[in-house]
Amino acid sequence: MRRRVLGMIMAGGKGTRLYPLTRDRAKPAVPFGARYRIIDWVLSNFVNSGICSLYVLTQFKSQSLTQHIQETWGRSSMLGEHFIIPVPAQMQTGDSWYTGTGDAIYQNLNLIRESRPHIVAVFGGDHIYRMDISQMIAFHNEVDAECTIAGITVPIEEAHQFGVMKVDEYGRIVAFQEKPKDPAPMPNDPKRALVSMGNYIFSARSLVDSLERDAADDASSHDFGKDILPRLLDRGQALYCYNFERNKVPGETGSNTYWRDVGTIDAYYEATLDLRDVVPNFNLYNRQWPIRTAAYDLPPAKFVHDEKDRIGHAINSIVAEGTIVSGARLKGCVVGRNVRVNSFSDLEDCIIMDNVEIGRHVKLRGVIIDKNVKVPDQEEIGFDQARDSERFHVSEKGIVVIPKQPRFEGSLGTINL
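-6 is the number of the first residue of the sequence shown in our numbering; add one for each residue after it.
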């Protein structure tokens, strides 16, 4: 019998560490890779895996995320009779917002009961990776697990940010610690630890039972990592770790090790620039496992002027549709839709989002520009950190972020930087 699978994607976090990109939007709605949003990665993984019954749980600043899901995914012909539906926090069980990841699912148990799945896949909506989720489900069924957690190894010095697992030779979890101060290393590699990716496969009955028990405990923080998973383990339930690195994605060669948590400005910046390399760590051009997103009726990107000091060109860069590079130089940049870069400007290692206009004789280095910004002529950003810090948000590693501006109609209005 084919088992029914329901996906529950948690996309309601504030994303405060990604400020100011999350000033006006939820973290999963943040643009990524010139033409996508972060949420497109997990949704593409589910759809490419043949799992198209999905609820996306939203909460904070969810308007742009909801609109993107409805317009891009909710009407897609690829889903057939299935669905991808954004679900705002509805306070089904009381008067509070979601108090933890477990509570987010608990407050929507009505959706699980109505869908009557055999398996519930609970995944985060804010990581960058490729994964054939059907292989994880097959492993879950093979070992007869109550819960299966996707795991990946990270350097031991980074492990305190995650849930750290110990497993036996069969992959069964024997210990789980959420964000420990002193993470336990892997037995065969003291420099690395096995950590949770925050992606879970549950047997539906086990998930419902564990959430109902947790909800009745006033001392619980109602979080999967802190409360629900450790208690399942304490009760002797079968929890297994699925090795993400063994996941074989069509069109990819070698082990599957690329997974990025883009939770900070620096992590977001580095993951975005991973895409531009000649041999990228993450390949956008795998046609067997496409990353799907909204389609726009825009013309191709254009590069104009070929004069002595006025050549429109881009080197080791990604440039989305509708963009015009007019007598300017881009090196190592990721540029979104409908961008205009005017003559004699020089941009290096920058991320430029949609509907931005760069004036003439502008110099930018290590800058993220959010949507709808107009950069005046002669501006220089990314060369004087003290001056930049007075005007903009600057990350720990010196990345300058210019926040989103109000939407404009017609020609770009001037923004006083």
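The beta carbon of each residue, even a glycine, is placed where N, CA and C say it ideally should be.
Since this is a predicted model, take the numbers as computed values, not measurements.
Quiz item: Going by DSSP, what residues sit across from F25 in a beta bridge?
Solution: Numbered from 1 along the sequence shown, position 32 holds the residue referred to as residue 25. In DSSP, F25 forms a bridge with Y29.
Exercise. Return the bridge partner residues of Y122 from the DSSP annotation.
Key: By 1-based counting over the sequence shown, the position of residue 122 is 129. In the DSSP output, where bridge partners are listed per residue, Y122 has W252.
Quiz item: To the nearest angstrom, how far is it from the Cα of I392 to the Cα of D381?
Solution: Counted from its first residue, the sequence shown places residue 392 at position 399. Counted from its first residue, the sequence shown places residue 381 at position 388. I392 and D381: Cα-Cα distance of roughly 10 Å.
Quiz item: Helix, strand or coil: how does DSSP classify T51 here?
Solution: Here residue 51 refers to the residue found at position 58 of the sequence shown. T51: coil per DSSP, three-state reduction.
Quiz item: Under a three-way DSSP split, which group does S196 fall into?
Solution: If you number the sequence shown from 1, residue 196 lands on position 203. S196: strand per DSSP, three-state reduction.
Quiz prompt | Cutoff 7 Å; reference I345; Cβ partners in own chain excluding five residues on either side | solution = Residue 345 sits at position 352 when you count from the first residue of the sequence shown. The residues are C326, V328, G329, V332, I362.
Practice problem: Can you grab the Cα-Cα spacing for the pair V188 / M124, in whole Å? | Solution: Walking along the sequence shown from the start, residue 188 turns up at place 195. Walking along the sequence shown from the start, residue 124 turns up at place 131. Roughly 17 Å separates the two Cα atoms.
Quiz item: In three-state terms, what does DSSP make of S203?
Solution: Here residue 203 refers to the residue found at position 210 of the sequence shown. Helix, per DSSP.
Quiz item: Less than 8 Å separating the beta-carbons of I145 and L226?
Solution: Taking the first residue of the sequence shown as position 1, residue 145 is located at position 152. Taking the first residue of the sequence shown as position 1, residue 226 is located at position 233. No; because the gap between Cβ atoms is not below 8 Å, this pair is not in contact.
Quiz item: Going straight from the alpha carbon of N192 to that of Q154, what length do you get?
Solution: As a position in the sequence shown, residue 192 is number 199, starting the count at 1. As a position in the sequence shown, residue 154 is number 161, starting the count at 1. If you take the alpha carbons of N192 and Q154, they lie about 15 Å apart.
Quiz item: Going by beta carbon distance, what residues of the same chain come within less than 7 Å of R269, once the five residues before and after it are set aside?
Solution: As a first step, residue 269 is located in the sequence shown; it is residue number 276 there, counting from the start. Cβ neighbours of R269 beyond the five flanking positions: N309, S310, I311, G325, V327.
Quiz prompt | Residue closest to S42, alpha-carbon to alpha-carbon, out of Q128, H75, R285 | solution = Position 49 of the sequence shown, counted from the first residue, corresponds to residue 42. Nearest C-alpha to S42: Q128.
Quiz item: Going along the chain, which residues of its own chain have a beta-carbon closer than 6 Å to the beta-carbon of V160, five neighbours each way excluded?
Solution: Here residue 160 refers to the residue found at position 167 of the sequence shown. Excluding residues up to 5 positions away in sequence, I166, C234 lie with their Cβ nearer than 6 Å to the Cβ of V160 in the same chain.
Quiz item: Which residue from Y278, A313, Q281 puts its Cα closest to that of K295?
Solution: As a first step, residue 295 is located in the sequence shown; it is residue number 302 there, counting from the start. Closest by C-alpha distance to K295, out of Y278, A313, Q281, is A313.
Quiz item: Taking C-alpha atoms, which residue in N274, D339, C343, P369 lies nearest to E350?
Solution: The count along the sequence shown starts at 1 and reaches residue 350 at position 357. Closest option to E350, Cα to Cα, is P369.
Practice problem: Give the secondary structure of D210 by DSSP, where H, G and I count as helix, E and B as strand, and everything else as coil. | Solution: As a first step, residue 210 must be located in the sequence shown, where it is residue number 217. Coil, per DSSP.
Quiz item: Leaving out the 5 sequence neighbours to the left and right, which residues in its chain are closer than 8 Å to E80 when beta-carbon positions are compared?
Solution: The residue you call residue 80 lines up with position 87 of the sequence shown. Position check: residue 80 holds Val in this sequence, whereas Glu was assumed. So the list reads Y48, V49, L50, T51, N101, L104, once near-sequence residues are dropped.
Practice problem: Assuming V355 and I395 form a contact by the criterion Cβ under 8 Å, report the distance between their Cβ atoms to the nearest whole angstrom. | Solution: Taking the first residue of the sequence shown as position 1, residue 355 is located at position 362. Taking the first residue of the sequence shown as position 1, residue 395 is located at position 402. With a Cβ gap of about 12 Å, V355 and I395 do not count as contacting.
Self-check item: Backbone secondary structure at D339 - three-state DSSP
Solution: As a working mapping, residue 339 is identified with position 346 in the sequence shown. If DSSP states are grouped into helix, strand and coil, D339 belongs with the strands.
Quiz prompt | Member of P173, R353, R322, N249 whose CA lies at the smallest distance from the CA of E341 | solution = For the purposes of this step, residue 341 is taken as residue 348 along the sequence shown, with counting starting at 1. Nearest C-alpha to E341: R322.
Self-check item: Simplified DSSP state of N409, which is helix, strand or coil
Solution: Indexing the sequence shown from 1 puts residue 409 at position 416. In this prediction, N409 scores a pLDDT of 36, lower than 50, which makes its location untrustworthy; the coordinate-derived value is nonetheless stated afterwards. Correct three-state label for N409: coil.
Exercise. Using alpha carbons as the reference points, say which of G67, M158, A152 lies closest to I174.
Key: Mapped onto the sequence shown, residue 174 falls at position 181. The question names Ile, but residue 174 in the sequence shown is Lys. Here the closest residue by C-alpha is A152.
Quiz item: Out of curiosity, what's the CA-to-CA distance linking F25 and R253?
Solution: To locate residue 25, count along the sequence shown from 1; it is residue 32. To locate residue 253, count along the sequence shown from 1; it is residue 260. Whole-angstrom Cα-Cα distance: 12 Å.
Quiz item: Helix or strand or just coil, what does DSSP make of M291?
Solution: Start at 1 with the first residue of the sequence shown, and residue 291 comes out as number 298. Checking the sequence, you will find Leu at residue 291 rather than Met. L291 falls in the coil class under three-state DSSP.
Quiz item: Measuring CA to CA, which of E238, P223, I258, P243 is closest to T250?
Solution: Locating residue 250 in the sequence shown gives position 257, counting from the first residue. The shortest C-alpha separation from T250 is found at E238.
Quiz prompt | Own chain partners of A37 with C-beta closer than 6 Å, once the 5 adjacent residues on each side are dropped | solution = Walking along the sequence shown from the start, residue 37 turns up at place 44. Here residue 37 is Ser; the residue named in the question, Ala, does not match the sequence. Taken in chain order, the residues that qualify are I284, R285.
Quiz prompt | Exposed unless 16 or more other CB atoms sit within 10 angstroms - verdict on Q170 | solution = In the sequence shown, counting from the first residue as 1, residue 170 sits at position 177. By the 10 Å Cβ count, Q170 comes out buried.
Practice problem: Would you identify the three-state DSSP class for E389, choosing helix, strand or coil? | Solution: Taking the sequence shown and counting its residues from 1, the one referred to as residue 389 is at position 396. E389 falls in the coil class under three-state DSSP.
Practice problem: Have a look at A27, H75, T92 and flag the residue whose alpha-carbon is nearest the alpha-carbon of G5. | Solution: The residue labelled residue 5 in the question sits at position 12 within the sequence shown. Ranking the options by Cα distance to G5, first place goes to T92.
Exercise. Would you mind listing the beta strand (DSSP E) stretches within the segment 133 to 202 that are 3+ residues and don't spill past its ends, in chain order?
Key: Within the segment 133 to 202, the complete beta strand (DSSP E) runs of at least 3 residues are 140 to 148, 156 to 160, 166 to 171, 185 to 196.
Quiz item: Do I345 and the ligand COA come close, with the Cβ less than 7 Å from some heavy atom?
Solution: For the structure depicted, the ligand COA is absent and the ligand set is empty, with no information on it obtainable.
Quiz item: Which residue or residues does DSSP assign as beta-bridge partners of P79?
Solution: Numbered from 1 along the sequence shown, position 86 holds the residue referred to as residue 79. According to DSSP, which records beta bridges pairwise, P79 is partnered with V49.
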